[in-house]
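K.L.:
Okay, so the sequence shown: first residue is 928 according to the numbering used here, each after it adds one.
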Amino acid sequence: MAGSTVSRRAFGNFLRTMREGANKTALAAGLHAETSRMTIVRLEDGLVTKITTMQLKSLLDLYEADEASRAEALNLWSEVKEQVKVDKLQGNSKGFWQPYADQYASHFPHYLRLESAADHMTTHQLVLIHGLLQTSDYRRAVARLDAPGLSRVDTERRIELTARRQTRLEDPGFRMEVLLSEAVLWHRPAEPDVMADQMRWLAEIGDRENISIRVVPFGVGPHRGLVMQSFTLLEFNTLQNRLTEPPVVYLEGAVGALYLDRADVIERYREAITALRAVALSEADTRSLVLRMAKEHAA
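(1) Since V1143 and E1109 are thought to touch, with beta carbons under 8 Å apart, how far apart are those beta carbons, to the nearest angstrom?
(2) With distance defined between alpha-carbon atoms, name the residue in E1006, N940, A1045 and N1002 nearest to F1163.
(3) For L1248, name the three-state secondary structure that DSSP assigns.
(4) When the Cα of I1132 is compared with those of I1200, T1062 and Y1186, which residue comes out closest?
(5) Can you tell me where the alpha helix (DSSP H) with I978 in it begins and where it stops?
(6) Report yes if the CB atom of T1050 is closer than 8 Å to the CB atom of T1159, and no otherwise.
(7) Which residue wins for smallest C-alpha separation from H1057, given the options T1089, M1155, L1187 and P1075?
(8) Measuring alpha carbon to alpha carbon, tell me which of R1067, A992, L1187 and S985 ends up nearest G948.
(9) In terms of DSSP beta bridges, what is M1103 paired with?
(10) Sort out for me which residues DSSP pairs A1158 with in a bridge.
(11) Look up Y1177 in the DSSP assignment and say whether it is helix, strand or coil.
(12) Would you please state the rounded distance, in angstroms, between the beta carbons of A1226 and D1120? I believe it to be under 8 Å.
(13) On the three-state DSSP scale, how would you describe A1117?
(14) Please classify V1080: is it buried, with 16 or more other beta-carbons within 10 angstroms of its beta-carbon, or exposed?
(15) Could you check which residue in L986, R1084 and L974 has the C-alpha nearest to that of F1023?
(16) Looking at the unbroken beta strand (DSSP E) that takes in A1184, where does it start and where does it end?
(17) Report the partner residues of V1143 according to the DSSP bridge assignment.
(18) Relative to the C-alpha of S934, which candidate in G1100, L1039, P1173 and V1111 has its C-alpha closest?
(19) Round the Cβ separation of R1141 and T1094 to the nearest angstrom and send it over; I've been treating them as touching at under 8 Å.
(20) Can at least three beta-carbon pairs, one atom from the segment 1122–1130 and one from the segment 1069–1076, be found at a separation below 8 Å?
(21) To the nearest angstrom, report how far apart Q1017 and A1130 are at their CA atoms.
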């Protein structure tokens, strides 16, 4: 994400702060701007909305924005609209994942937008390897488990989508920290030879400067991470115009997902990450372990 542009999420967060500072509800804001509460929520969440500049000015009136805040809000809104135009001209407005829309859940495009924009990701996994680190054969096996009747063509389209996501790992400005439960290494969603290849790939890719992979072994004592499900914390660059892109915790379930960005919730997950780091193996010891697991799966 370019530091010279303002993202919809950062702008939406700016407006939410103004609304809450004025002690107004999203419903009241929607009624005042002659739109729906949901439109206000979507705007503040950084999602595409059909709000107009006149409606935005109406919201600023409701929030009793001072002259400086009003000018900044309108300037940022102009930047957002300009960036939309640029993205359309460059063909970036829909995202690389759009051709695969029939292959993922309705909540997933929002995650893919966040993953594409994040500069730092920390993920804690209890069952499966994170998608950005899956080999093609491992991903193929997971796809078959997820959708047993999936055609060969659609299976390969899911592999293509994963491969396109994984180009993110080539970006030197992107950092990924992976905290894996040892259980992930033992689970066998795929055949032994596929698991062995996956373990060897973890050992290899974990040597990259921008990727850290550490295993949380079974034998460690009580720690905060034990009460946390699998999650991914996505963090973003500070924008040039002083706005901050709020971090997000992504929780994926069997039939849906949650996107959490409240400051107190983010802090709780940061504390869990600190606890997991304290008990995880070093990167070197993790590499030795996954290479032993490769032999174990291949045996």
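Where is the CB? At the ideal position from N, CA and C, for every residue including glycine.
In this text, all values refer to a predicted model and were calculated from it rather than measured experimentally.
P.N.:
On the basis of the coordinates in this document:
(1) Rounded, the Cβ-Cβ distance is 7 Å, consistent with contact.
(2) Considering only alpha carbons, the answer is A1045.
(3) Shown here, the chain extends from 928 to 1226; a query on residue 1248 therefore has no answer.
(4) Closest option to I1132, Cα to Cα, is T1062.
(5) In the DSSP assignment, I978 falls outside any alpha helix (DSSP H), carrying neither H nor E.
(6) Yes, the pair counts as a contact, with Cβ atoms nearer than the cut-off.
(7) For H1057, the nearest C-alpha among the options comes from T1089.
(8) Distance check between G948 and each of R1067, A992, L1187 and S985 places A992 closest, using alpha-carbon atoms only.
(9) Bridge partners of M1103: M1048 and I1138.
(10) Looking at the sequence provided, one finds Phe at residue 1158 rather than Ala. Under DSSP, F1158 forms a beta bridge with H1051.
(11) Three-state DSSP puts Y1177 in a strand.
(12) The C-beta distance from A1226 to D1120 rounds to 11 Å, too long to meet the 8 Å contact threshold.
(13) Looking at A1117 - three-state DSSP - the assignment turns out to be coil, as it is neither helix nor strand.
(14) So V1080 counts as exposed.
(15) That would be R1084, whose Cα lies nearest to the Cα of F1023.
(16) It spans A1184 to L1187 - the beta strand (DSSP E) in which A1184 sits, taken as one unbroken run.
(17) Looking at the DSSP assignment, V1143 forms a beta bridge with S1108.
(18) Comparing alpha carbon positions, the residue from G1100, L1039, P1173 and V1111 closest to S934 is P1173.
(19) Wrong, their Cβ atoms sit about 24 Å apart, outside the cutoff.
(20) A contact between stretches requires three or more CB pairs, one per stretch, nearer than 8 Å, and the segment 1122–1130 fails this requirement with the segment 1069–1076.
(21) Low per-residue confidence applies at Q1017: pLDDT is 49, beneath 50, and the placement is therefore not dependable enough to give any value.
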